[in-house]
Amino acid sequence: MSDPAMSADSCAEPVVQARGLSVGYSTDAILSLLDFSVGRGQTLALVGANGSGKSTLLKAIAGLLRPMGGELSVLGGLPLATPARVAYLGQFHPSGFVLPLCVAEVVRMGRFAARGLFGKFGPADEEAVHEAIEAVGLSDIADTPLNELSGGQRQRVFIAQALARRAELLLLDEPEANLDAASRTNTRRLFAEAVGRGASAIIATHDIDAAAACDHTMLLARRVVAYGPSAQVLRADALLETFGVVGRAEGDKVVVVGREHGHEGCDHAD
Amino acid sequence: MMDFLFGPFIHNEFMARALAGGLLVSLSCAVVGTFVVLRGLAFIGDALSHGVLPGVAVALLLGLPGMVGAAAGSLAMIVGIGYITRRSSLSSDTAIGLLFVGMLALGVVIVSRSRSFSGDLIHILFGEVLGISWADVAGQGGAALAVSALAFVCRRPFLLLSFSPEQADVSGFPAKRYHSIMLLMIALTVVVSFKTVGTLLVFGLLIAPAASAALYAKKVRTMMALAWIFGALSTYGGLLASYHLNIAGGASIALVATLLFFAALVGKRFSSTKHRTHHGSTA
């Protein structure tokens, strides 16, 4: 069980499988020669500072970015081959303009992949939308336009949109951004429930606690610092290297002494 | 009173034609304008409506129908914007601004070469809503139908695009493809509307009613319906003012549309201050 590739092999076919995968923009590879796999019902955390490559890797798996080299299969095919089976929650860069559309209308968009251009919305779709809105606790303001919500409420709308997909693979980029403690706990429970129903998840985060809750963790700093079962990977020395932090381990605590560069990272890890 | 409000349209066929044409332009503009506003494409819409000018000028010079030139002009604009944004690291705003001014200048240069054109320039820019024929109205109707049908077919990708192009991509609707379709829809609306309200003012009907609707509507369907109501009111009010006050028709329509937007904005302010006393924390 210590080797993630082995545990993935125990499932019939991995949900995500990468061999010698390189990802990046134009000619600039951010991550090179990655080998990893995620099995059915498994979770993988991508942990790293800003610019470490975790969002880039997630985009490649989502099919938004063509791999620069190597092989990448998602649900047995190419990325984006089956949009309805994969949910992608991207990072939103809030601009001055926010849609005046109401919460329910935005969450409904999560079902478009399943219905295509002409497919009629059925009771199952309405139920998925209703359930997702309820799960993130926004039923009371389902009719409120997005541009009247706070940042945290908006993030919960986006999470509901991803959940409404009822996907087999969840690709989540900083899903807890802007959330308060209560919403964070609720969100983790929701994703855990989805995984309990057999979904797999890959989560980009710089929260060590969120990573610890995943089966496997990949520490990234424009290369793989460490990859394996979360309990083994999330150790002080590896984390320090990942975040470019100069510090020392004191028992279970990591004390930060200084930083190599100004990345937003984690100040402590238990 | 009734004669003041409806008489002009009952007793004058040119007013009836203008109203019919205007209502159809409002319909196309409501459908397309809704997505233009939701996606923040106002600047592209503006650029397309100005890029039409040199096309129309060249067409008239060669003795071709103005519509053909308008279509060529807006296509050149779309291709140009795409080319500059792809080939340089400039933002599309810069590319659009550059082409916008260039095309407008080109249009004026072409028109200024010919003396017989100076009157036409006014017509191209501001339309001749009081001089359109029933054939023009029919063409307008065909365009409204085409635009509405296309918007209906593409409603899901268009919605996703206005939410996030990435979500459109991961939902199986290639963002680039549907973005191009949307640009073509804007172009079609601008091109067929240029006779009615003119290339300068069609932009007013494209943006103002949809923006007013966006203040109140929470669903796309409601937004389009409201935008049409705002557009229809602008058309009717503008034509009425034009008739009684003897002022330019197309400009009156655009002016009423803009005034309605500000009225809607003020109305929204009032209703939201009332609203906020109920829900203090949803800002």
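Top line first, the protein sequences correspond to chains F and W.
Quick note: to get the numbering used here, add 18 to the position in the first sequence (first position is 1).
Quick note: to get the numbering used here, add 2 to the position in the second sequence (first position is 1).
Beta carbons: idealized from backbone N, C-alpha and C, even for Gly.
Asked: Interface flag, Phe165(W) vs chain F, CB-CB below 8 Å; Found: yes
Asked: Beta carbon of Ala216(W) nearer than 8 Å to that of Leu50(W); Found: no
Asked: Beta bridge counterpart(s) of Ala63(F) as assigned by DSSP; Found: Ile221(F), Thr235(F)
Asked: Rounded C-alpha distance that separates Val34(F) from Met127(F); Found: 25 Å
Asked: Option in Ala256(W), Phe16(W), Leu235(W) with minimal Cα separation from Gly133(W); Found: Phe16(W)
Asked: Those runs of the alpha helix (DSSP H) which lie wholly inside the stretch 164-217 of chain W and span at least 4 residues; Found: 167-172, 177-195, 200-216
Asked: Same chain, Cβ closer than 6 Å to Leu39(F), five either side skipped, listed in chain order; Found: Leu52, Pro85, Gly88, Leu90
Asked: Met127(F) at chain W interface by Cβ criterion, 8 Å; Found: yes
Asked: Residues from the stretch 214-231 of chain W in contact with chain F, defined by Cβ distance under 8 Å; Found: Ala216, Leu217, Ala219, Lys220, Lys221, Val222, Met225
Asked: Reference Gly69(F); option with closest CA among Val41(F), Leu96(F), Gly81(F), Pro141(F); Found: Val41(F)
Asked: Within-8 Å CB hit, Asp5(W) to chain F; Found: no
Asked: According to DSSP, residues forming a beta bridge with Arg37(F); Found: Glu89(F)
Asked: CB of Arg206(F) within 8 Å of CB of Ala228(F), strictly; Found: yes
Asked: Touch test, the stretch 56-67 of chain F against the stretch 95-106 of chain F, Cβ-Cβ under 8 Å, three pairs minimum; Found: no
Asked: Ala212(W) versus Leu29(W): straight-line alpha-carbon distance, rounded; Found: 11 Å
Asked: N- and C-terminal bounds of the alpha helix (DSSP H) containing Ile80(W); Found: 68-89
Asked: DSSP three-state assignment for Cys156(W), whether helix, strand or coil; Found: coil
Asked: Sufficient close CB pairs (3 or more, under 8 Å) joining the stretch 41-49 of chain W to the stretch 93-101 of chain W; Found: yes
Asked: Test: Phe139(F) CB closer than 8 Å to a CB of chain W; Found: no
Asked: Any chain W beta carbon closer than 8 Å to Glu123(F); Found: yes
Asked: Beta bridge counterpart(s) of Val104(F) as assigned by DSSP; Found: Leu187(F)
Asked: Within 8 Å, strictly: CB atoms of Thr235(F) and Ser248(F); Found: yes
Asked: Residues of its chain near Ala72(W), where Cβ-Cβ distance is below 7 Å and the 5 sequence neighbours each way are ignored; Found: Val54, Gly57, Val58, Val193, Phe196
Asked: Element boundaries [alpha helix (DSSP H), containing Leu55(W)]; Found: 44-63
Asked: Alpha helix (DSSP H) segments (min. 4 residues) lying fully within the stretch 161-209 of chain F; Found: 169-182
Asked: Counted within 10 angstroms of its Cβ, other Cβ atoms place Pro141(F) as buried (16 or more) or exposed; Found: exposed
Asked: Secondary structure of Gly24(W), DSSP reduced to three states; Found: helix
Asked: Residue interval of the beta strand (DSSP E) (run including Ile159(F)); Found: From DSSP, Ile159(F) is part of no beta strand (DSSP E); its letter is neither H nor E.
Asked: Buried versus exposed call for Val242(F) [16 or more other C-beta atoms within 10 Å across all chains shown]; Found: buried
Asked: Own chain partners of Ala286(W) with C-beta closer than 6 Å, once the 5 adjacent residues on each side are dropped; Found: Since the first residue shown for chain W is 3 and the last is 285, residue 286(W) is missing from the structure and cannot be characterised.
Asked: First through last residue of the beta strand (DSSP E) which encompasses Ser114(W); Found: Here Ser114(W) belongs to no beta strand (DSSP E); instead the alpha helix (DSSP H) covers 94-115.
Asked: Test: Val104(F) CB closer than 8 Å to a CB of chain W; Found: yes
Asked: Contact between the stretch 91-99 of chain F and the stretch 72-82 of chain F (3+ Cβ pairs under 8 Å); Found: yes
Asked: Chain F contacts from the stretch 141-164 of chain W (Cβ-Cβ distance under 8 Å); Found: Val155, Cys156, Arg158, Pro159, Leu161, Leu162, Ser164
Asked: C-beta contact flag for Lys220(W) and Glu123(F) at 8 Å; Found: yes
Asked: Near-chain W residues of the stretch 77-96 of chain F (beta-carbon distance less than 7 Å), N- to C-terminal order; Found: Ala80, Gly81, Leu82
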